[in-house]
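Student: For the sequence shown, our numbering assigns the number 1 to the initial residue and increments by one for each residue that follows.
Using N, Cα and C, we set each Cβ at its ideal position, and we do this for glycine too.
Sharing a structure with you now.
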Amino acid sequence: MDTLTFEGRVVVVTGAGNGIGRAYAHEFARRGAKVVVNDLGGSVEGQGNDGAVADAVVAEIVGANGTAIANYDSVIDGDKVVASAIREWGRVDILLNNAGIAYMTRMGDMTEERWKTMLSVHLDGSYACTYAAWSHMMEQKFGRILFTSSPFGLHACPGFSHYAAAKAAVLGLMKAVALEGRGQNINANAVAPYSLSRMTGGTNEEQATSAIGPRYLAQLAIWLSHEETTETGGVFELGGGFIHRVRNELSAGLHLPDEQHTAENIAAGQDTLNDFTSSTHPPLGDFNTIGRAVFGEEHFDLIEN
């Protein structure tokens, strides 16, 4: 296969000062893209700011004969993040919503501030940057957006209800964006990285040599973001050289109409309810599985047409 290159493309990478975002920024620049290295330079818990973090990555890219500029805004101010690309190069082609924070808080210790801060960065930040880039991508009839979920968002983890909720919500946002981008050549996908990063600890040098380092994430981002790739609405769990597609699955389920619909019959039918041997996998945007079963395929064919 021909090398996937990005000459003439403008890429915005949020949270690009360390870890996964840094790996993204370097790889896109190496393949010819002009890169906005966004990083507030805050702590893992989202405190403070330091422009030197983004500056260091820009210096590395420029030193390797790449093209990059720094942006120091919070992703909550997505319009400012995207505006830096528009001012410098007049377009934005690819957005990697990567910025994030992490801290453990058990449910009994949760505060409103800790809950809202986590959702604000991951969910609101992804929305704000996507919204800011959307009109430009629509006008260009081209765009690639990569959202960042997590194994915690897919499978959950005790002590991280706020983080798991935010990362699960990002998947719903991505899928809706993918549906709206259909027909406009705007693709959206999500990754759930199992990887060392700034949030898991370790220096960039230690991460670079780890068996689960960020280098195993950048190549999927490259493929999903390329102009020849048509993949959209996909969710991928990856790390350590492994890449898995994640999909929705419905068991064959129970049908208990009218008088049969009782808690007792549900309890008695648990084995059938949990039987996935005849499962189905609804495609992106198919929210009418039960509706079709109740009203029939013809009813929804009329609505859709």
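#1: Going by Cα to Cα distance, which pick from R245, A83, T117, F236 is closest to I101?
#2: Return the chain-ordered list of same chain residues with a C-beta closer than 7 Å to the C-beta of N305, the five sequence neighbours on each side being excluded.
#3: For C129, does the count of other Cβ atoms within 10 angstroms reach 16, so buried, or fall short, so exposed?
#4: Which partner residues does N71 have in the DSSP bridge list?
#5: I'd like to know whether the C-beta atoms of V318 and S149 end up nearer to each other than 8 Å.
#6: Tell me which residue opens and which closes the alpha helix (DSSP H) that V82 is part of.
#7: Kindly identify the DSSP beta-bridge partner or partners of N187.
#8: Consult DSSP for F236 and reduce its assignment to one of helix, strand or coil.
#9: Between which residues of its own chain and V177 is the CB-CB distance below 7 Å, once the five residues before and five after are set aside?
#10: Just grab the DSSP bridge partners of H244 for me.
#11: What residues are listed by DSSP as bridge partners for I61?
#12: Return the CA-CA distance between L302 and V37, expressed in angstroms with no decimal places.
#13: What do you get for D73, buried or exposed, if any count of 16 or more other CB atoms within 10 angstroms of its CB means buried?
#14: Checking 8 Å against the spacing of the C-beta atoms, do G143 and G181 come in under that value?
#15: Can you tell which of D55, S251, F236 has the C-alpha that lies nearest to the C-alpha of W223?
#16: Nearest-angstrom Cα distance between E231 and E264?
#17: Let me know if H136 comes out buried or exposed under the rule of 16 or more other beta-carbons within 10 Å of its beta-carbon.
#18: Check whether the region 273-281 and the region 244-256 are in contact - that is, three or more C-beta pairs closer than 8 Å.
#19: Which word fits R9, buried or exposed, when buried means at least 16 other C-beta atoms lie within 10 angstroms of its C-beta?
#20: With the cut-off set at 8 Å, would you say G66 and R91 are in Cβ contact?
#21: By a C-beta neighbour count over all protein chains shown, 10 Å radius and 16 as the cutoff for buried, is D258 buried or exposed?
#22: Does the contact criterion of 3 or more C-beta pairs under 8 Å hold for the region 105-112 versus the region 53-62?
#23: When the Cα of V58 is compared with those of V13, F152, K167, which residue comes out closest?
#24: By Cβ distance below 7 Å, which residues in the same chain neighbour D50 in space, the five residues on each side in sequence not counted?
#25: Select from P214, H261, G253, S225 the residue whose C-alpha is nearest the C-alpha of G239.
#26: Once DSSP output is grouped into helix, strand and coil, what is the label at A178?
#27: Going by beta carbon distance, what residues of the same chain come within less than 8 Å of G253, once the five residues before and after it are set aside?
#28: My output table needs one value for V12: the three-state DSSP class, helix, strand or coil.
#29: Along the beta strand (DSSP E) that carries I212, what are the first and last residues, could you check?
#30: Mapping DSSP to helix, strand and coil, what is T280?
#31: Considering L273, what are the terminal residues of the alpha helix (DSSP H) in which it resides?
#32: Quick check on the DSSP output: what are the complete alpha helix (DSSP H) runs of length 4 or more inside the region 101-129, in order along the chain?
Tutor: Here's the rundown:
#1: Locating residue 101 in the sequence shown gives position 101, counting from the first residue. It is T117 whose Cα lies nearest to the Cα of I101.
#2: Walking along the sequence shown from the start, residue 305 turns up at place 305. Here N305 scores only 43 on pLDDT, less than 50, and its place in the model is too uncertain to base an answer on.
#3: Numbered from 1 along the sequence shown, position 129 holds the residue referred to as residue 129. That one is buried.
#4: Taking the sequence shown and counting its residues from 1, one reaches residue 71 at position 71. DSSP, once it has assigned bridges, lists N38 as partnering N71.
#5: For the chain, the structure presents residues 1 to 305; residue 318 sits outside this window and is missing.
#6: Residue mapping note: residue 82 aligns to position 82 of the sequence shown, counting from 1. Start and end: 78-89.
#7: Your numbering for residue 187 matches position 187 in the sequence shown. Note: N187 sits in a beta bridge opposite R144.
#8: Taking the sequence shown and counting its residues from 1, the one referred to as residue 236 is at position 236. F236 falls in the strand class under three-state DSSP.
#9: Here residue 177 refers to the residue found at position 177 of the sequence shown. Excluding sequence neighbours, V177 sits near T130, I145, A188.
#10: In the sequence shown, residue 244 corresponds to position 244, counting from 1. Answer is E237.
#11: On the sequence shown, residue 61 is found 61 positions in, with the first residue counted as 1. In the DSSP assignment, I61 forms no beta bridge with any residue.
#12: For the purposes of this step, residue 302 is taken as the residue at position 302 of the sequence shown. For the purposes of this step, residue 37 is taken as the residue at position 37 of the sequence shown. Caution applies to L302, whose pLDDT of 49 falls short of 50 and renders its modelled position unreliable; the value that the coordinates give is listed next. Taking the straight line joining both Cα atoms gives about 48 Å.
#13: On the sequence shown, position 73 is the one that residue 73 refers to. Its Cβ being crowded by 16 or more others within 10 Å, D73 is buried.
#14: In the sequence shown, the residue the question calls residue 143 occupies position 143. In the sequence shown, the residue the question calls residue 181 occupies position 181. Contact: yes.
#15: Looking up residue 223 in the sequence shown gives position 223. Of D55, S251, F236, the residue nearest in Cα terms is F236.
#16: Looking up residue 231 in the sequence shown gives position 231. Looking up residue 264 in the sequence shown gives position 264. About 44 Å.
#17: Counted from its first residue, the sequence shown places residue 136 at position 136. It is buried - the Cβ of H136 has at least 16 other Cβ atoms within 10 Å.
#18: Cβ pair count under 8 Å is three or more, so yes.
#19: Indexing the sequence shown from 1 puts residue 9 at position 9. Around the Cβ of R9, a 10 Å sphere holds 16 or more other Cβ atoms; the residue is buried.
#20: If you number the sequence shown from 1, residue 66 lands on position 66. If you number the sequence shown from 1, residue 91 lands on position 91. The answer is no: Cβ separation not under 8 Å.
#21: Along the sequence shown, one-based indexing puts residue 258 at 258. Counting Cβ neighbours within 10 Å, D258 comes out exposed, since fewer than 16 surround it.
#22: no
#23: By 1-based counting over the sequence shown, the position of residue 58 is 58. The candidate whose alpha carbon is nearest that of V58 is V13.
#24: Within the sequence shown, numbered from 1, the residue matching residue 50 stands at position 50. Short of 7 Å from the beta carbon of D50, and not among the five residues preceding or following it, lie these beta carbons of its own chain, in chain order: G41.
#25: For this step, residue 239 is matched to residue 239 along the sequence shown. Of the residues P214, H261, G253, S225, the one whose Cα lies closest to the Cα of G239 is P214.
#26: Residue numbering aside, residue 178 sits at position 178 when the sequence shown is read from its first letter. Note: A178 maps to helix in three-state DSSP.
#27: Position 253 of the sequence shown, counted from the first residue, corresponds to residue 253. The residues are T272, L273.
#28: Here residue 12 is taken as the residue at index 12 of the sequence shown, counted from 1. In this structure, V12 counts as strand in the three-state DSSP scheme.
#29: As a working mapping, residue 212 is identified with position 212 in the sequence shown. Counted as a single uninterrupted DSSP element, the stretch harbouring I212 is not any beta strand (DSSP E), since DSSP gives it neither H nor E.
#30: The residue labelled residue 280 in the question sits at position 280 within the sequence shown. Of the three classes helix, strand and coil, the one that applies to T280 here is strand, per DSSP.
#31: As a first step, residue 273 must be located in the sequence shown, where it is residue number 273. Looking at the DSSP string, the run of the alpha helix (DSSP H) that includes L273 is 270-273.
#32: 112-119
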